[in-house]
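Data block below; observations after.
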Amino acid sequence: MNPSLRIKVLLLVGNRLLSEALSRILRKKSDIVVVSQSASCSNVSGPIAESETEVILMDSASTPTPCLEFISQIRHQYPKVPILMIGSEADDQAFIKAVRAGIRGYLLRDASASNVISAIRAMARGEAICPPEFCLALFKAVAQGTGFTPSLRRPNLRLTRRQHELVPMIAQGLTNKEIANHLNLSEQTVKNHIHRMFRILGVNDRLEVTEIALSHSQEFTN
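Here it is in structure tokens:
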């Protein structure tokens, strides 16, 4: 098969044995190539661009809350690169959080090798993957308007000038210390601003602030 037509997959799996097992499975397929492997979210942005990744295969065990923010950033930076997550258990709330962050496909850990291959091929075609066990939870979340782009229901942000400055910095993944250095403020002052901003926006974490920044990108463009 022409190498340029093969589906370029980046593996983001913290467990070394699982990573190697998935790599062996994928390398046996003539239409798929593993272009990069990583055990951490922190160092894959470069390889995504350099390898022209077409699908990211991610293990949920490698994605604590900061990595959910990373997923949201990847969705923003590389909107055409879908993320397929392998979940460790049938937890519909974890699934909804991952969908909110930006994944386009989800498989349970007990998925067969053929399921993984089929899912990668489907996502490369622009399709989404949802386990039957989670379809009801997904429909409920959409119907109730919970867990998805809360900013769309808040067109009037009512932020102070300083809080307005903080939103794109949070969306970029900057820490409180980095924001404080950039704005020449104390770290505690930044924490206070962010705490008040969370209350005004009605959000609970930085991921939801990132969603607001993406949904109101024109307002937060300097």
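The sequence shown runs 1 to 222 under this note's numbering.
Glycine is no exception: its CB is placed at the ideal position from the N, C-alpha and C atoms.
- Message: For a test of the three-state rule: what should DSSP assign to G46, helix, strand or coil?
- Response: helix
- Message: One question on the structure: do R121 and I25 come within less than 8 angstroms of each other, judged by their Cβ atoms?
- Response: no
- What is the rounded straight-line gap between the Cα of D205 and the Cα of Y78? 22 angstroms
- Task: Measure the alpha-carbon distance for R27 versus V203 and round it to whole angstroms.
- Result: 42 angstroms
- Task: Taking 8 angstroms as the cut-off, decide whether the C-beta atoms of A90 and L108 are in contact.
- Result: yes
- Query: Whole-angstrom Cβ separation of I74 and I86, contact assumed at under 8 angstroms?
  - Reply: The Cβ separation is near 16 angstroms, so there is no contact.
- Beta-carbon contacts of V209 that lie in its chain and below 8 angstroms, excluding the five residues immediately before and after: V167, I170, A171, M197, F198, L201, V203
- Buried versus exposed, by CB contacts within 10 Å (16 or more), S88: exposed
- Task: Check whether the Cβ atoms of L57 and L18 sit closer than 8 angstroms, and answer yes or no.
- Result: no
- Item | Same chain, Cβ closer than 7 angstroms to N115, five either side skipped, listed in chain order | L107
- Query: With respect to the beta strand (DSSP E) encompassing D92, which residues constitute its N-terminal and C-terminal limits?
  - Reply: Run containing D92: none in the beta strand (DSSP E); it sits in the alpha helix (DSSP H), 92 to 101.
- Message: Starting from V81, trace the alpha helix (DSSP H) in both directions and tell me its first and last residue.
- Response: First-last for V81: undefined, no H or E at that position.
- Message: Below 8 angstroms on the Cβ atoms is my contact criterion, and I expect G102 with M123 to pass it. Report the Cβ-Cβ distance as a whole number of Å.
- Response: The Cβ separation is near 13 angstroms, so there is no contact.
- Query: Does the beta-carbon of C41 have 16 or more other beta-carbons within 10 angstroms, so that it is buried, or is it exposed?
  - Reply: buried
- In the DSSP assignment, find the beta strand (DSSP E) that holds Q37 and state where it starts and stops. 32 to 38
- Can you tell me where the alpha helix (DSSP H) with L166 in it begins and where it stops? 161 to 171
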